[in-house]
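Residue numbers (full-length UniProt numbering): 1 to 228.
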C-alpha cells in the first residue's frame, strides 16, 4: 500500500520509505516516533493512536514495518472511512446489483472512468477519409506527422475535441473510428470536429507549419460541435 500512498502523497511516502530503509543505530533518538499520527480536523490539530496504547509505544528498528503498515492503512482507509461509506452507498444505489461481481477492479475502473491505453497508431490505422482525401494526401501526411509529434496532453485534448471525451472506449482504441474530410474553407480557418460522429473537417492546408498552428489552436479552444 506504500506505493499507493506515494502516488497520493509523495513526500509522506518517501519519508516512510526512508524510515524503512534506515538500518543505523540510535533509531529511536533520530526519529522520535510513537504509534500515533497528527491530524488536522477543521483547523484543529488532534493526535490519533494507530493502535491501542500507541501513544506510549515507541517506533524502533524492530517494529517500524508494523508502524508504516498502520500509518498507511490509517491514511488510505480509516481516516476516510466515513466518506467512503457514503460514496459506496451512493455508488451501489446507482450501479449496484450482482453484475458488479462479474468484473475485476481494473475492468470496472475502465467502465467508470474510461480506458487509458492510448494506442494512437491504432487510431491512425482505423481512420477513414472522405472526398478527395486519402491516406497519402499531402494534407493528411502533414496531419499525422503533427499529431504523432504532439505531447500526450495535447493528444488527449485532441480526443476531447474530436469525441467530447479525452478517454477511449472500454475495449480499446480500435473501437474509435475517426473520419477526416476536406472543407471548402481556406487555410485561414480552423479544423472543426463533429463530436457525435467523430468527424474532423480539415481544411486543405498546404504547409505542415500552418496545419500545426491551426490544429493546436482549435484543440486549445475546444472548437467543435456536439457535447457542450
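Where is the CB? At the ideal position from N, CA and C, for every residue including glycine.
(message) Is there a C-beta anywhere in chain C that falls below 8 Å from the one on residue 174?
(response) No chain C is part of this structure, which consists of one protein chain only.
(message) Output needed for residue 111: all residues of its chain with C-beta closer than 8 Å, excluding positions within five of it in sequence on either side, in chain order.
(response) 103, 170
(request) Go ahead and pull the three-state DSSP assignment for residue 182. (result) strand
(request) Take residue 178 as the anchor and find which of 65, 31, 140 has the nearest alpha-carbon. (result) 140
(request) Please name the residue in 51, 86, 60 whose C-alpha comes closest to that of residue 70. (result) 51
(message) Tell me which residue opens and which closes the beta strand (DSSP E) that residue 229 is part of.
(response) Any question about residue 229 goes unanswered here, given that the chain covers just 1 to 228.
(request) Would you mind reading off the limits of the beta strand (DSSP E) that contains residue 149? (result) Residue 149 -> not in any beta strand (DSSP E); alpha helix (DSSP H) instead, spanning 138-149.
(request) Please name the residue in 37, 38, 19 whose C-alpha comes closest to that of residue 29. (result) 19
(request) Could you tell me which of 101, 190, 64, 46 sits nearest to residue 15, measuring between CA atoms? (result) 64
(message) Here's the rule: buried if 16 or more other CB atoms are within 10 angstroms of the residue's CB, otherwise exposed. What is residue 3?
(response) exposed
(request) Quick one: give me the first and last residue of the beta strand (DSSP E) that residue 41 is part of. (result) 36-41
(message) Checking 8 Å against the spacing of the C-beta atoms, do residue 199 and residue 220 come in under that value?
(response) no
(request) Determine the DSSP secondary structure at residue 166, reduced to helix, strand or coil. (result) coil
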